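Read in order, the letters of the sequence shown correspond to residues 16 to 178 in this note's numbering.
Beta carbons: idealized from backbone N, C-alpha and C, even for Gly.
Computed from a predicted structure; not experimentally measured.
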Amino acid sequence: MGALSIRLLETSAEAHACATLLAASEPWRTLRRDHQACLRSLEDPSRERYVAYQDGHLVGCLVLNLLGPFVGYLQIVAVAPECRGSGLGSTLVAFAEARIFREHPNVFLCVSSFNHGARRLYERLGYTVVGELPDFIHAGYSEFLLRKTLGPCDTYQPAAPGA
Ligand SMILES: CC(C)(COP(=O)(O)OP(=O)(O)OC[C@H]1O[C@@H](n2cnc3c(N)ncnc32)[C@H](O)[C@@H]1OP(=O)(O)O)[C@@H](O)C(=O)NCCC(=O)NCCS
Numbered sequence: 016m017g018a019l020s021i022r023l024l025e026t027s028a029e030a031h032a033c034a035t036l037l038a039a040s041e042p043w044r045t046l047r048r049d050h051q052a053c054l055r056s057l058e059d060p061s062r063e064r065y066v067a068y069q070d071g072h073l074v075g076c077l078v079l080n081l082l083g084p085f086v087g088y089l090q091i092v093a094v095a096p097e098c099r100g101s102g103l104g105s106t107l108v109a110f111a112e113a114r115i116f117r118e119h120p121n122v123f124l125c126v127s128s129f130n131h132g133a134r135r136l137y138e139r140l141g142y143t144v145v146g147e148l149p150d151f152i153h154a155g156y157s158e159f160l161l162r163k164t165l166g167p168c169d170t171y172q173p174a175a176p177g178a
């Protein structure tokens, strides 16, 4: 396998390719997020959106929200089905953490109550459950809010610009 490259999403074709990946995959299928709904997140300019390539193939994507009260939100992480289980997802989460921790001491994310594999992965990576949102996206399912933290906001020293 060639080197992994992660960069900002640039083209509408990339956004569509990522939306196709998400809409065909859990948890979005069960949550009834179709191609259009996924595309809205991937085309939202208020989000930082990244694509991951390996050997010229799009192998994953990330959407980060660096605005709002619970700042540092990892909104979407996905790996192409044929590439899962070999460390790519962990690498994408580490990339998201490095980006967010440059400015903020917390990374937040939500995981659906039926997405046991992803929750196991996050817990292994140091995330803890800080809340449950019952019936949040779809009736009958909870979203668990997870947090990984470097410490309190008021004493946090963001990295110097350009560092
Ligand atoms: C969750 C996801 C990003 C992890 O990517 P990955 O490349 O498989 O992750 P890694 O290889 O670094 O780690 C593998 C771990 O991921 C978790 N995992 C979750 N879903 C998985 C899947 N479909 N296939 C393989 N592993 C999966 C498991 O914990 C697995 O380890 P374990 O079963 O040995 O405990 C990826 O499986 C994916 O895109 N799933 C569908 C979308 C999704 O659930 N996104 C998260 C929404 S909160």
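Where Val122 is concerned, the enclosing beta strand (DSSP E) starts and stops at 121–127. DSSP, reduced to helix, strand and coil, places Ile21 within a strand of the structure shown.
With 16 or more neighbouring CB atoms inside 10 Å of its own CB, Gly104 falls in the buried class.
Under the rule that a run must span 3 or more residues, the beta strand (DSSP E) segments found entirely inside the stretch 55–110 read 63–69, 72–80, 88–94. The beta carbon of Thr143 sits no closer than 8 Å to any heavy atom of ligand 1. When the beta-carbon positions are compared, Leu24 and Ala30 come within less than 9 Å of each other. If you check the C-beta of Leu136 against ligand 1, you find a heavy atom less than 8 Å away. Looking from the CA of Asn121, the closest CA among Ala38, Arg139, Gln69, Leu89 belongs to Leu89. Within its own chain, the residues whose Cβ lies closer than 6 Å to the Cβ of His153, once the five positions on either side in sequence are excluded, are Leu46, listed in chain order. Bridge partners of Val145 according to DSSP: none are assigned.
Closer than 8 Å to some heavy atom of ligand 1: that does not describe the Cβ of Ser27.
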